[in-house]
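Report on the following structure.
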Amino acid sequence: MDQRPGTLLIACGALAREIAALKRANGWTTLDVRCLPAQLHNRPERIAPAVRAEIQANRARYANMFVVYGDCGTGGRLDAVLKEEGVERLPGAHCYEFLARPQVFAQLAEAEPGTFYLTDFLLRHYERLVVRPLGLDRHPELAAEYFRHYKKLVYLAQTDRADAIGRARQIADSLGFCFEYR
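In structure tokens, the structure reads:
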């Protein structure tokens, strides 16, 4: 099989829209993107093996690959896989860090360690990725236990849509958190 001259980005599905927008805006025609399911974040121990499988499945097709993930709760397992496979990734602990920028994220985390971060993707899929997997649709009383160490919700928006901001604020209010829009 012939290798393509471009680069393959192996990315978290939660970043698909942002990556597609960057690709269009910059005319990156030699960049291909493969997104893994965002639901992997609910089981971070599955991220590194899934990324490894994607690298190995595409190694013969691409001369260059890059991973668009933070560590995402893998406890360094993703970095170990990437080192073994000879592939680099974006720096940072989470996509929140590169969406907010590292210095801003560090300031947010230091100012309030009990911060729940919300992105446009997580906002759109809040019920599917947070409410239902945690059982909050069946047992809303569990929210107090799950989120007991959180005090603030920061919406790291990639949009300025009033309805999205309102929905993020509604989630913060429902959890009893202070709200910040960025």
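Sequential numbering from 95 applies to the sequence shown in our numbering.
Glycine included, every Cβ here is placed at the ideal spot set by N, Cα and C.
Taking the DSSP output, what are the residues bridged to residue i?
i             : result
valine 162    : Ala105
threonine 128 : First, the residue type needs correcting, since residue 128 is arginine and not threonine in the sequence shown. Ile104, per the DSSP bridge assignment.
leucine 247   : Phe210 and Phe273
If I'm right that residue i touches residue j with Cβ under 8 Å, what's the distance once you round it to whole angstroms?
i             : j           : result
alanine 258   : leucine 193 : Going by Cβ atoms, the distance from alanine 258 to leucine 193 rounds to 15 Å, so no, they are not a contact pair.
aspartate 165 : alanine 132 : Actually they do not touch by this definition, with Cβ atoms about 16 Å apart.
leucine 172   : valine 145  : 6 Å
Measure the C-alpha to C-alpha separation of residue i and residue j and round it to an integer number of angstroms.
i              : j                 : result
aspartate 231  : arginine 276      : 28 Å
glycine 169    : valine 175        : 12 Å
isoleucine 149 : cysteine 129      : 12 Å
alanine 156    : glutamate 178     : In the sequence as presented, alanine is not what sits at residue 156; that position holds tyrosine. So the two alpha carbons sit approximately 17 Å from each other.
glutamine 252  : aspartate 214     : 6 Å
alanine 147    : glutamate 221     : 29 Å
asparagine 120 : arginine 153      : 25 Å
glutamine 264  : glycine 100       : 43 Å
aspartate 267  : phenylalanine 273 : 8 Å
Is residue i near the ligand NAD, judged by its Cβ being under 6 Å from some heavy atom?
i           : result
alanine 154 : With respect to the ligand NAD, the structure shown offers nothing to examine, as it has no ligands at all.
Inset, instruction - Evaluate the contact criterion for the segment 234-253 versus the segment 196-212: three or more CB pairs, one atom per stretch, below 8 Å. - result: yes
Inset, instruction - Specify whether the segment 116-125 and the segment 139-148 touch according to this definition: at least 3 beta carbon pairs, one from each stretch, less than 8 Å apart. - result: no
Legend entry - Any alpha helix (DSSP H) of 4 or more consecutive residues that is wholly inside the segment 155-227: 171-179, 189-194, 196-205 and 214-218
Inset, instruction - Evaluate the contact criterion for the segment 98-106 versus the segment 156-176: three or more CB pairs, one atom per stretch, below 8 Å. - result: yes
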